[in-house]
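If you're matching them up, the sequences are chains A and B in order. The first sequence lines up with residues 6 to 270 when you count with this note's numbering. The second sequence lines up with residues 6 to 270 when you count with this note's numbering. One structure is given below, encoded as structure tokens.
Number of protein chains: 2
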Amino acid sequence: MTITIRHIIDRLRGDVAPIESTVDTLLGPGSPDTAVAGVAVAFMPSLEVIERAAALGANLLIAHEGVYYSHRTPAQLPEDDPVFAHKQALIRQSGVTVYRHHDYCHRASPDPITLGLVRALDWERHLERMLPAAAVLAVPAMRADAAAAHVRARLGLPGVRFAGDPGMTCRRIGVFAGYRGGSELAVSLLREHRLDLIVAGEGPEWETPEYMRDAVHSGAAKSLLLIGHAESEEPGMQLEAERLRQACPGLPVHWLAGRPALRYM
Amino acid sequence: MTITIRHIIDRLRGDVAPIESTVDTLLGPGSPDTAVAGVAVAFMPSLEVIERAAALGANLLIAHEGVYYSHRTPAQLPEDDPVFAHKQALIRQSGVTVYRHHDYCHRASPDPITLGLVRALDWERHLERMLPAAAVLAVPAMRADAAAAHVRARLGLPGVRFAGDPGMTCRRIGVFAGYRGGSELAVSLLREHRLDLIVAGEGPEWETPEYMRDAVHSGAAKSLLLIGHAESEEPGMQLEAERLRQACPGLPVHWLAGRPALRYM
Chain A
6 MTITIRHIID
16 RLRGDVAPIE
26 STVDTLLGPG
36 SPDTAVAGVA
46 VAFMPSLEVI
56 ERAAALGANL
66 LIAHEGVYYS
76 HRTPAQLPED
86 DPVFAHKQAL
96 IRQSGVTVYR
106 HHDYCHRASP
116 DPITLGLVRA
126 LDWERHLERM
136 LPAAAVLAVP
146 AMRADAAAAH
156 VRARLGLPGV
166 RFAGDPGMTC
176 RRIGVFAGYR
186 GGSELAVSLL
196 REHRLDLIVA
206 GEGPEWETPE
216 YMRDAVHSGA
226 AKSLLLIGHA
236 ESEEPGMQLE
246 AERLRQACPG
256 LPVHWLAGRP
266 ALRYM
Chain B
6 MTITIRHIID
16 RLRGDVAPIE
26 STVDTLLGPG
36 SPDTAVAGVA
46 VAFMPSLEVI
56 ERAAALGANL
66 LIAHEGVYYS
76 HRTPAQLPED
86 DPVFAHKQAL
96 IRQSGVTVYR
106 HHDYCHRASP
116 DPITLGLVRA
126 LDWERHLERM
136 LPAAAVLAVP
146 AMRADAAAAH
156 VRARLGLPGV
166 RFAGDPGMTC
176 RRIGVFAGYR
186 GGSELAVSLL
196 REHRLDLIVA
206 GEGPEWETPE
216 YMRDAVHSGA
226 AKSLLLIGHA
236 ESEEPGMQLE
246 AERLRQACPG
256 LPVHWLAGRP
266 ALRYM
């Protein structure tokens, strides 16, 4: 049986109800009826990732973030930008169609992006509750700096950004993948679920980090680990690649690990 | 002559036209008619900063960011949060009124927050053009990693986040204070002003850093330094404190340098 892009999208979306004005669209030469020769899965559809996908013979790249450096693809791409031009040309010439697996992915229950991160951290056995936007964990008492060291080691990160009190004891941890470190979400759930430590991808610096600073100063220590957006969502996309591989035996499904765009220097 | 909070606000706002629904409001026990005994100026009105202001005899704290961990003060503060409760009580008891100096500050021409950062970097002599949201500099040719080292040394930072090519040569630098590192603004101005390097406070990780990654991969290297939101806006607030001190001789004006909320570990 020929597997089309539509088949793959249907499988990825599962039973999630239709989402209006979703960013989960196709970009590139293919259409839903295109036969899939091979699939590559990655967090970020960078130039290098698209080239790697093409070299592996994949004509469908499933990526979590957008192609053009923003959440929504601009209605009109800039005409005088060599980077945009290079990327447009590569997508046209490589034959790789990019499908964005974002909104439907996060809407699934449980969110595989959060679940993938919890598993990568080897913390699934501590899972108390999976919320739509976070995982609540009840862990054996550990210092916040030990939790940071654990996260670094499990994910192979050169470092993380930390706010709060490294010496505080953590028993309840919230795991927030992606851009969910903002105060409206993270501080509300911290309160509601009596969290000690929040592990998030990224969030505005003037929000949750400042709450943590004041929490420590007021004597009610709380802490925050910002591990990086890509770093927090890659494990979940890798999980989605594994699921697809199992669901479609015979179809080549390649997981393409990314390299960090940002380094600390 | 008694100096009131209104006098100080009028001086800070200068000739900037009225801004509707501004976040630049008063929070605390004082009113515009309150006599000012002393002024403290800081980037972030943290608990510790408010305590330091009170200890210095200041009853007006001028801060760039909000008190309650978000851009806009929530209409209703959470009732069951000990950190919010502690902060409310401190503001009530300390007698310190917090005035937010944000929108009017950024609307001034030139924006003192950008100017303060450019001066702190010792790059004012390279200033080619001051835009509403950034400074455009024409600098002697320098490697991007040397620019990073210069920024770290001048601002006393333990490190910065970097995307792009450390070995590329930079001749045109854009300085974007605060949360202006997003692609819609930063990449547009990079194109328009042929920038090689962007120095910004913070911005979404999936936007400009990914553009820089693709730029390098496509052979048209560009780079980004993210130096931290507070780190990028503190020099400008310090400049505002100096200006206020000169404008109001006899009035105690204290600059309160902050400590970073986030550390890399």
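Glycine included, each C-beta is placed from N, C-alpha and C at the ideal position. Just so you know, these numbers come straight off a predicted model, no measurement behind them.
In this structure, the straight-line span from the alpha carbon of CYS110(A) to that of GLY43(B) is close to 54 angstroms.
Interface criterion not met: the Cβ of GLU239(A) is under 9 angstroms from no Cβ in chain B.
Collapsing the DSSP output to three states places CYS175(B) in a strand. Rounded to the nearest whole angstrom, the CA to CA distance from VAL144(B) to ILE178(B) is 7 angstroms. Sequence-distant Cβ neighbours of PHE48(A) in its own chain, meaning closer than 8 angstroms and more than five residues away, are ALA68, HIS69, GLU70, ALA235, GLU238, GLU239, MET242 and GLY263.
Less than 9 angstroms divides the Cβ of ALA63(A) from the Cβ of ALA45(A). Below 8 angstroms, enough C-beta pairs join the stretch 211-218 of chain A and the stretch 250-270 of chain B to call them touching: three or more. One alpha carbon belongs to THR119(A), the other to ALA58(A), and they sit about 25 angstroms apart. Chain B has no Cβ within less than 9 angstroms of the Cβ of SER99(A). Contact between ILE55(A) and VAL101(A) holds: their C-beta atoms lie close to 5 angstroms from each other, under 8 angstroms. Contact check for VAL192(B) and THR213(B): beta-carbon distance about 6 angstroms, within the 8 angstroms limit, so the pair qualifies. Between TYR104(B) and chain A, the shortest Cβ-Cβ separation is not below 9 angstroms. Inter-residue distance for TYR73(A) and PRO23(B) is about 36 angstroms (C-alpha atoms, whole angstroms).
Counting other Cβ atoms within 10 Å of its Cβ, MET173(B) reaches 16 or more and is therefore classed as buried.
Taking one beta carbon from each stretch, the stretch 135-152 of chain B and the stretch 164-172 of chain B have 3 or more pairs nearer than 8 angstroms; the two touch. Taken in chain order, the members of the stretch 170-183 of chain B whose beta-carbon sits within less than 8 angstroms of a beta-carbon on chain A are PRO171.
Distance from the CA atom of ASP201(A) to the CA atom of LEU256(B), rounded to whole angstroms, is 43 angstroms. With at least 16 other beta carbons inside 10 angstroms of its own, LEU142(B) counts as buried.
Shown in chain order are the members of the stretch 62-89 of chain B whose Cβ falls below 7 angstroms from a Cβ of chain A: GLU70, TYR74, SER75, PRO83, ASP85, ASP86, PRO87 and VAL88. Using a Cβ-Cβ cut-off of 9 angstroms, LEU194(A) does not count as an interface residue toward chain B, since no Cβ of chain B sits closer than that to its own.
By the criterion of a C-beta distance shorter than 7 angstroms, VAL28(B) is surrounded in its chain by GLY71, HIS76, ARG77, ARG105, HIS107 and ASP108, once the five residues flanking it on both sides are discounted.
With contacts defined as CB atoms closer than 9 angstroms, LEU244(A) and ALA205(A) fail to qualify as a contacting pair.
In this structure, the CA atom of ARG185(A) is about 19 angstroms from the CA atom of PRO83(B).
Contact between VAL21(B) and ARG112(B) holds, since their C-beta atoms are separated by about 5 angstroms, short of 8 angstroms. Within a 10 Å sphere around the beta-carbon of SER26(A) sit fewer than 16 other beta-carbons, which makes this residue exposed. Residue-level contact by beta carbon fails for ALA152(A) and chain B, as no gap is shorter than 9 angstroms.
The shortest C-alpha to C-alpha distance from GLY35(A) to any of SER99(A), ALA90(A), LEU17(A) and GLU189(A) is the one to SER99(A).
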